[in-house]
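Numbering (the working numbering), first residue to last: 49 to 333. From the three backbone atoms N, C-alpha and C, an ideal C-beta is built for every residue, glycine too. Have a look at the structure below before the remarks.
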Ligand SMILES: C[S@@+](CC[C@H](N)C(=O)[O-])C[C@H]1O[C@@H](n2cnc3c(N)ncnc32)[C@H](O)[C@@H]1O
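See the structure below:
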C-alpha cells in the first residue's frame, strides 16, 4: 500500500486528482477505482478516505500504465490480478482463463448430485483451479484432483489453493486424464477449450489476451471434448457422472458424443441467460 503522505514528495497531485484523470480516460468509474486500488495497493475504502493525500510518483506511474493497458483492451481481471467466482476471490494472470459466471452452473450441478461423502472428483483443464477449489471448499470431504496441460496454469491453481487456505485439491500436470491412468472417479467435471480455431470472437474483447490453449479446440471447437468424453467414460466409476461445459451452440453435438461413449441420462442444462451450457451424463451402475 502507498505509505503515509511523505513531506519530501514534491509532487503536488493528490490521489483524488489522479483518480479523476483515470476515470475520465476510461470513462468507467468502477474500473478506474479498481485500477487505482491495484496501483496503490489498497482497498476502495482506503482510496476514498485518502483522496486528498499526495500521490507518490511511483503509484501515479503505475496507475497511468494500468489505464493505458486497459485502453489497449487488456481485461480488467488480468490488470487487477483477480476475479471472483462462486463467492471467492481467485488470483489470475495471463496464463489462465478468467473464470466466467456461466461456469457457476457447473458447480451448482456438481453440488446437486448425490455423491458419496468421500467422493473422488476430477476437474480436467483446471486452469486457475476455480472449479476444483470451489468444489473442495464446498464439500470438504470430497477428494478433488485438478489436471491441466499448462504448468503455468497449475502454478496459479496452487497459489489459489494456498490463498483459500485449502489442503486439497491435488494438482497434476498432463494431457486430459492420461497422468491419472488407472484411477477411478465418481465425478469428472470439465470446462475444456471449446472455441473453433477460426472463430472471429478470438480477435475481440478479453479472448485476445487469454491463452489459446484454454480456448481453441480444432475446426469445430469439439476436438478436446471428443477425446475427453471417451477417456472420461473409462475413468468414471459405475454410477458416476460427467459434467461438461461447452459453447452456446454445441449442446446438440455434445449430447450424441456422450451417448455414443456409453453415458445414459444425458441432458443439457441452461445457464442464467437461458443457454444450454453444461451437459451431464451418467454411467449406469
Ligand atoms: C476453458 S479453460 C478452463 C479453466 C478453468 N477450469 C475455468 O473454468 O475457468 C481450459 C483449460 O484446459 C486446459 N487444457 C487444454 N487442453 C488440455 C489438455 N489436453 N489436457 C489438459 N488440460 C488442457 C487449458 O490449459 C486451460 O487451463
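{"Check": "Three-state class that DSSP yields for residue 204 in the structure shown", "Outcome": "helix"}
{"Check": "Which of helix, strand or coil DSSP assigns to residue 171", "Outcome": "strand"}
{"Check": "Selected residue, minimal CA-CA separation from residue 262, among 240, 131, 250 and 79", "Outcome": "240"}
{"Check": "Helix, strand or coil at residue 311 according to DSSP, with G and I counted as helix", "Outcome": "coil"}
{"Check": "Simplified DSSP assignment, three categories, for residue 291", "Outcome": "strand"}
{"Check": "Sequence-distant residues of its chain with Cβ nearer than 7 Å to residue 321 (five each side left out)", "Outcome": "none"}
{"Check": "Distance, residue 220 Cα to residue 197 Cα", "Outcome": "9 Å"}
{"Check": "Nearest to residue 209 (by Cα), restricted to the options 174, 225, 167 and 233", "Outcome": "174"}
{"Check": "For residue 126 and residue 244, the rounded distance between their alpha carbons", "Outcome": "24 Å"}
{"Check": "Where the beta strand (DSSP E) containing residue 220 begins and where it ends", "Outcome": "218-221"}
{"Check": "Cβ pair residue 86, residue 129 closer than 8 Å", "Outcome": "yes"}
{"Check": "Ligand 3 heavy atom lying under 7 Å from the CB of residue 220", "Outcome": "Among the ligands present in this structure, namely ligand 1, ligand 3 is not found."}
{"Check": "Spatial neighbours of residue 265 in its chain, beta-carbon cut-off 6 Å, leaving aside the 5 residues before and after", "Outcome": "241, 242, 271 and 272"}
{"Check": "Rounded C-alpha distance that separates residue 304 from residue 140", "Outcome": "34 Å"}
{"Check": "Residue 336 to residue 283 span [Cα, whole Å]", "Outcome": "Examination of residue 336 is not possible in this model, given that the chain is present from 49 through 333 alone."}
{"Check": "Beta-carbon contacts of residue 222 that lie in its chain and below 7 Å, excluding the five residues immediately before and after", "Outcome": "195 and 197"}
{"Check": "Cutoff 6 Å; reference residue 145; Cβ partners in own chain excluding five residues on either side", "Outcome": "175, 258 and 262"}
{"Check": "Selected residue, minimal CA-CA separation from residue 187, among 323, 314, 204 and 216", "Outcome": "216"}
{"Check": "Straight-line Cα distance separating residue 193 from residue 293", "Outcome": "18 Å"}
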